[in-house]
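In my numbering, the protein residues as written are 23 to 921.
For each residue, glycine too, the CB sits at the ideal point set by N, CA and C.
All values reported here derive from a predicted model rather than from experimental measurement.
Below is one structure, written out as structure tokens, with a few remarks after it.
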Amino acid sequence: MDKVYNPQAIEGELYREWEESGAFKAHRVEGKKPFTIVMPPPNITGQLHMGHAMDGVLQDSLTRYHRMKGDPTLWLPGTDHASIATEVKIVEAMRKEGLTKEDVGREGFLERAWAWKNEYGGRIVRQTRRMGNSCDWSRERFTMDEGCSKAVTEVFNRLYEKGLIYRGNRMINWCPCCRTSISDAEVEYEEQSGSFWHLLYPVKETGEMLELATTRPETMLGDTAVAINAEDPRYAHLHGCHVILPLVGKEIPIVCDEHADMTKGTGVVKITPAHDPNDFEVGQRHNLPVVRVFTDDGHMTGAKEKTENDELFASGKATVGEPRVLDCGKYAGMTTKEARKAIVEDLEALGLVGKIEPLTHEVGTCYRCHTTIEPMVSKQWFVKMAPLAGPAIECVKSGEVKFVPERFTKTYLNWMENVRDWCISRQLWWGHRIPAWYCADCGEVIVARETPTVCPKCGCTHLAQDEDVLDTWFSSALWPFSTLGWPEKTEDLAYFYPTSVLVTGYDIIFFWVARMIFSGCEQMGKPPFHTVLIHGLVRDAQGRKMSKSLGNGVDPLEIIDQYGADALRFSLVMGVSPGNDMRFSTDKVESARNFANKIWNASRFVLMNLGDTAEPMEGKSFSAADKWILTRLDETIREVSAHFEDYDLGLAAQKIYDFAWSEFCDWYIELAKVTLNGEDEAARRATCAVLRHVLIALLRLLHPFMPFITDAVYRNVPGTEGTIMLSDWPLCDAALVFPEEAREMEGVMDVIRAVRNLRAEMNVAVGKRAHLMVRPKAGWEKAMAGAGEYLQRLAWVSQMQLLAAGEAAQGKTVSAVSEAAELFIPLGDLVDADKEIARLGKERDSVQRDIERGEAKLGNPGFLAKAPAQLVEQEKAKLGVARDKLAKLNARIDELKNM
RNA sequence: GGGGUCGUAGCUCAGCUGGUCAGAGCGCCACGUUGACAUCGUGGAGGUCGUAGGUUCGAGCCCUAUCGACCCCACCA
């Protein structure tokens, strides 16, 4: 083994071996409860970023932990077609060739899309492998593969048959840039500065001017009413009156509606049912016409659009709620922004603009391109949410599905309880095409599983499929069961559904988690998982979100090249608390890399001492140090396992780190050297057995986080077979726990620390051996008597001399008092008494404070009465030790003063 | 407007159901090549755990208020 751990030398080879050996493959074992995770499918457009890396590490750690525990374990990977994201990329690529979607047509476009998918879709999958993730690649899925597509069609049909999917003219969010509708969840709100324009509308009956405020004056052409509150005394005389819509010259009614808030602005609101969600509702209540003034690409409508619209109505094919289109005349063809300016100018010229107030407000933007969203009435497909939300709320409230950390339950419930119908149709080509057909002759709508050939109503064959595709999240929502074979009744589905844990970031709870839950409840009758493990975002070293535009993203692959996958993995979990964002820095990776190296070298030491011998644990008589580390190991196994069960991987990693470095390396290996270099062959073999035993356990505990290095080392440990990933998770063993001896060893270690401390304080070079006199306290005689070699080795003592109780140390010495003993080191002329007195004085002050604290506690009647007896005893004992120590220190100081 | 997170050593953060919790990593200082490891070892300095109250025998840990940083949700014209 090399002196320094070199990840590059082993990672690729090891991963290939794992995969080819079938170690990742899940096996159904009847009667055994499986552990299942479905991977959040990354977009095929994606490149591996730190977010994926962290998400993957958490899942892989859990997966490896459960696999080692012996659970039939499945981590199912896959990718998402990412309808809108992919389509945008392909359109962009075509633009470079000077082509548009329309140029190549739907068929041509899809050909390109699939070609693109085949070329780049596997990229992120290959990258994921470099993380060391142990997914079952034999079960890899894609949201648009045959099975998943079948599931989509099936769900669409079922929901349609139950009346839970409908098509209608409703208010939706329109992205003029992507030219498609998007769902509420896909709208991001950004604070923007704008203005409040106060407009004046003349009242037809009275001739007065009605003042109202708007942030979007360009919509005024589509106003079909003005609303006032029925209770508003200011406008009581206007009930039943009309205003003349400026610029358009059309007469529109003044309606009374609760939406008009008397306390806000002038209490008058213009109503544009086609372009404002609130106004749409008002329009429905008052049966107002819906007049559209924006085109799909964000321009004002004109003669052309109006003609088309008129023809639609003339043909009788207009559907319920179909908006009418206005020819905006001189504004036609302007962008909405241009129109806003022009309209305000024209109104000002007419004296119809009052004050203009600046304001900042939240403006909806598209989560893909950040273009301002235009609310519009549009004919789209929707999922009726209320009936689906019920069970999805219930299963979380009942605890059948738990969020970790728990606080996200609230986020989820709040959203689910207020969710509105989900707009699922997208005016895109890449995705699952909506399984609906329209009869050109009679207008019949046919939703079907197979392409229909004749209209069931009129019998004609003039059928055309809906042009739109489904929201990409529609298929993601089915992921936990579509990937297992649903709607077929597969063995995998029966065995692995519901899955166990879903691991994802808090940023997609609404997009994905919520929708998987209601889909699972509806289609499977069971929620898709029992636990949702939510993690935070990976930020850059300054705490900023990693983003392409900022260019502050760190490429996980580069980090792997430089430090190794294990180091990256460990840096992404250690000390991270669930649900919180973390800052990524190479400092953290470096320290993880150093840890890996520490493991490597500790292993090298152990292996060097073992040679080829797999020394068994049975029949050995262990040293104090052996018993101590075994006891600590037991405790560590308990804690780490508990943290895994709680999904607190950050703490699990921390515990392993501390045990490995601070206890196994810093202490046990050093202590073991005494025995290993000693004459006692039986003791040497016992220690070898322990070194091997603890190393194996440590490697296994660490394996979920650092799979490569642990397996590489494990294979070199004598007596092991195969890969560590299929070996057993360590178990606690009562036969290997020695609380009393461990406590004694701690006492000895404390003495070692005290000696080291003394020497350092006195500036005695480490290499320089010192004579040590030890006067054990009552009960510590035996432990201290056996500590000589440990002290020689670990505290650079030349010779340890035991003093009997009451026996004085000879000569000039410096001293220390620990729990187990008093210590004296003669330092001859090296130390002057004054210096030592000063040092001891400082120590006495600190002990004095401990005593005061203890006395205060024990002097408190409330404490004695109410605190647990065990705690009181503990405090008493502590106080006793401290008082004893104080007495010794005082005596020692006096002694020095009299010398 | 509603909900949530964070404020602990110079920096980045851990601290489980209140009682060795005042911690880790990095940084800093001193010393050090004892054959696993300088990607290391030993020792050290440094924080009244944002502020003010309260509950309790006892509070970074619970409650209330307050200041500061931030996030999510929400149809406020």
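Beta-bridge pairing of residue i - partner residues as DSSP gives them
{"i": "Gly-190", "result": "Gln-402"}
{"i": "Gln-487", "result": "Trp-459"}
{"i": "Phe-218", "result": "Glu-379"}
{"i": "Tyr-211", "result": "Gly-386"}
{"i": "Phe-686", "result": "Answer is none; Phe-686 lacks a bridge partner."}
{"i": "Phe-730", "result": "Bridge partners of Phe-730: none, in fact."}
{"i": "Tyr-223", "result": "Leu-232"}
{"i": "His-793", "result": "Gln-821"}
{"i": "Val-60", "result": "Leu-98"}
{"i": "Tyr-163", "result": "In the sequence on display, residue 163 carries Arg and not Tyr. BP columns for Arg-163 point to Gly-100."}
{"i": "Pro-798", "result": "Ala-843"}
{"i": "Val-525", "result": "Leu-555"}
{"i": "Ser-837", "result": "Phe-846"}
{"i": "Asn-65", "result": "Asp-102"}
{"i": "Lys-272", "result": "Leu-267"}
{"i": "Val-469", "result": "Ala-458"}
For residue i, three-class secondary structure by DSSP
{"i": "Lys-898", "result": "helix"}
{"i": "Ile-446", "result": "coil"}
{"i": "Ala-258", "result": "helix"}
{"i": "Asp-102", "result": "strand"}
{"i": "Arg-722", "result": "helix"}
{"i": "Ile-651", "result": "helix"}
{"i": "Gly-130", "result": "helix"}
{"i": "Ser-868", "result": "helix"}
{"i": "Asn-436", "result": "helix"}
{"i": "Ala-97", "result": "Checking the displayed sequence, the identity of residue 97 turns out to be Trp instead of Ala. In this structure, Trp-97 counts as strand in the three-state DSSP scheme."}
{"i": "Val-476", "result": "coil"}
{"i": "His-264", "result": "strand"}
{"i": "Ser-820", "result": "strand"}
{"i": "Lys-695", "result": "helix"}
{"i": "Pro-413", "result": "helix"}
{"i": "Trp-196", "result": "strand"}
{"i": "Asn-2", "result": "Because residue 2 is not part of the residues shown, which for the chain are 23 to 921, the question remains open."}
{"i": "Pro-638", "result": "coil"}
{"i": "Trp-247", "result": "Here the sequence assigns Ala to residue 247, which means Trp is not the residue at that position. Strand at Ala-247."}
{"i": "Asn-155", "result": "coil"}
{"i": "Ile-659", "result": "helix"}
{"i": "Thr-394", "result": "strand"}
{"i": "Ser-43", "result": "helix"}
{"i": "Cys-278", "result": "strand"}
{"i": "Val-426", "result": "strand"}
Presumed contact (8 Å Cβ cut-off) between residue i and residue j, rounded CB distance
{"i": "Met-844", "j": "Lys-910", "result": "The identity of residue 844 in the sequence shown is Glu, whereas the question assumes Met. Yes, they are in contact, since the Cβ atoms of Glu-844 and Lys-910 sit about 6 Å apart, within 8 Å."}
{"i": "Ala-107", "j": "Arg-537", "result": "Ala-107 to Arg-537, Cβ: 17 Å. No contact."}
{"i": "Ile-59", "j": "Ser-522", "result": "6 Å"}
{"i": "Ile-187", "j": "Val-405", "result": "6 Å"}
{"i": "Phe-730", "j": "Asp-577", "result": "Contact doesn't hold; Cβ gap of about 19 Å is too wide."}
{"i": "His-715", "j": "Met-639", "result": "5 Å"}
{"i": "Leu-559", "j": "Gly-68", "result": "Actually they are not in contact, since the Cβ atoms of Leu-559 and Gly-68 sit about 16 Å apart, beyond 8 Å."}
{"i": "Val-467", "j": "Pro-457", "result": "Not a contact, Cβ separation roughly 11 Å."}
{"i": "Asn-779", "j": "Ala-838", "result": "7 Å"}
{"i": "Arg-791", "j": "Val-836", "result": "Not a contact, Cβ separation roughly 15 Å."}
{"i": "Leu-348", "j": "Val-315", "result": "5 Å"}
{"i": "Val-796", "j": "Leu-825", "result": "7 Å"}
**Study point:** alpha helix (DSSP H) runs contained entirely in the region 532-615, provided each spans 4 or more residues
**Key:** 536-546, 578-585 and 587-595
Check your understanding: Residue ranges of each alpha helix (DSSP H) run of no fewer than 4 residues wholly in the region 286-358, ordered along the chain?
Key -> 299-308 and 325-337
Check your understanding: Would you say the region 717-727 touches the region 672-683, given that touching needs at least three Cβ pairs under 8 Å?
Key -> yes
Review point. Taking one C-beta from the region 45-59 and one from the region 89-109 each time, how about it: are there three or more such pairs within less than 8 Å?
Key: yes
Practice item. Evaluate contact between the region 690-699 and the region 737-754, counting only Cβ atoms and requiring at least three cross-stretch pairs below 8 Å. Key: no
Review point. Looking at C-beta atoms only, is the number of pairs between the region 359-376 and the region 236-243 that lie closer than 8 Å three or more?
Key: yes
Check your understanding: Quick check: the region 727-747 against the region 589-600, are there 3 or more CB pairs under 8 Å?
Key -> yes
Review point. With contact counted as at least three CB pairs below 8 Å, one residue from each stretch, are the region 194-207 and the region 390-400 in contact?
Key: yes
Review point. Can we say the region 255-268 touches the region 409-420, given the rule of at least three CB pairs closer than 8 Å?
Key: no
Check your understanding: Contact between the region 629-639 and the region 666-678: three or more CB pairs below 8 Å?
Key -> no
Review point. Are there three or more Cβ pairs, one per stretch, closer than 8 Å when the region 801-816 is compared with the region 740-751?
Key: no
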